[in-house]
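The structure appears below as structure tokens.
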């Protein structure tokens, strides 16, 4: 994780051009984490590697992965990294890397280069070291997300947070919406054993069974289930029937 942090920082800062190369803000790396028991130690090692490369690092805490995309644009940084294994089992973990303007960094757009750099750098104490600081972005993030919410009739919604970070962030973002009544399920983040109440992948139909039951039992208008890092969401309608992702895409298409 230390080597990956060092390499990721080098790669993202090397993508800067023009006056951005001289900007301290643009040379800053943003780092967040999910709620897995291994995330704090992995994030710490990653940040230590990034700091050793000379980059400044902002720790934005335990966040949903969507927030790292927002943060990179909000703070105009060279990129961001979320420590998470997303929808995978609790014993997994890793890093999601995004570049400037929240551009995804994939196998062919940077991960191979980061891998090469990480394999070549020896872990050692560097004479250059960036500055580490913490920042809470909950207020601007909430303001940004709520811009997309159109006030309507009162609604009853069942939400399954899958023991992931949605359990923290759904109440922050939507807890004070007038007329929104939420039936919360699995809003506690992982317990000391690090287990999920059910596998945290809402695209697997079996993982929605408890949400479907809750929607029918409480006569909710619809239900939503998030994955571990809350960047994946599945929906069921008022009858508890699963709304397929291709239909959701069609509903969103007009807006986009």
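Numbering (the numbering used here), first residue to last: 35 to 290.
Cβ atoms here follow ideal geometry from the backbone N, Cα and C, with glycine treated the same way.
Just so it is clear, the structure is predicted and the values come from calculations on it, not from any experiment.
Residue 105 and residue 94 - do their beta-carbons sit closer together than 7 angstroms? Contact annotation: residue 94 and residue 105 have beta-carbon atoms nearer than 7 angstroms.
Could you name each continuous beta strand (DSSP E) segment of 3 residues or more that falls completely within the region 214-264, going from the start of the chain to the end? Counting only runs of 3 or more, we get 214-219, 256-260.
Taking the C-alpha atoms as reference points, what is the distance between residue 80 and residue 207? Straight-line measurement puts the Cα of residue 207 at about 28 angstroms from the Cα of residue 80.
Tell me the residue span of the alpha helix (DSSP H) that contains residue 193. Taken as a continuous stretch (DSSP letters only), residue 193 belongs to no alpha helix (DSSP H), being part of the beta strand (DSSP E) at 189-194.
Would you decide whether residue 83 is buried or exposed? Buried here means 16 or more other CB atoms lie within 10 Å of its CB. Residue 83 counts as buried, since no fewer than 16 other beta carbons sit within 10 angstroms of its beta carbon.
Touch test, the region 259-274 against the region 199-214, Cβ-Cβ under 8 angstroms, three pairs minimum: Note that the region 259-274 touches the region 199-214; at least 3 beta-carbon pairs, one per stretch, sit closer than 8 angstroms.
Exposed or buried, what is residue 156 when buried is set at 16 or more other beta-carbons lying within 10 Å of its beta-carbon? So residue 156 counts as exposed.
Tell me, please, whether the region 160-174 touches the region 219-235 by the rule of three or more beta-carbon pairs shorter than 8 angstroms. No: the two stretches stay apart, fewer than three of their Cβ pairs being nearer than 8 angstroms.
Per-residue burial, residue 282 [other beta carbons within 10 Å of its own, 16 or more giving buried]: For residue 282, the number of other beta carbons within 10 angstroms of its own is below 16, and it is reported as exposed.
Starting from the C-beta of residue 43, find all residues in its chain whose C-beta is less than 6 angstroms away, skip the five residues before and the five after it, and write them out in chain order. Excluding its 5 nearest sequence neighbours in each direction, residue 43 has C-beta neighbours in its own chain below 6 angstroms: 63, 84, 87, 89, listed in chain order.
Count the other CB atoms, across all protein chains shown, that sit within 10 Å of the CB of residue 124; report buried if there are 16 or more and exposed otherwise. Buried, because 16 or more other Cβ atoms sit within 10 Å of the Cβ of residue 124.
Nonlocal neighbours in the same chain, by C-beta distance under 7 angstroms from residue 98, ignoring five residues either side: Exclusion of the five residues before and after residue 98 leaves 199, 200, 203, 263, 264, 265 as the residues of its chain whose Cβ lies within less than 7 angstroms of its Cβ.
Drop a sphere of 10 angstroms on the beta-carbon of residue 243, count the other beta-carbons inside from all chains shown, and report buried for 16 or more, exposed for fewer. Exposed is the call here.
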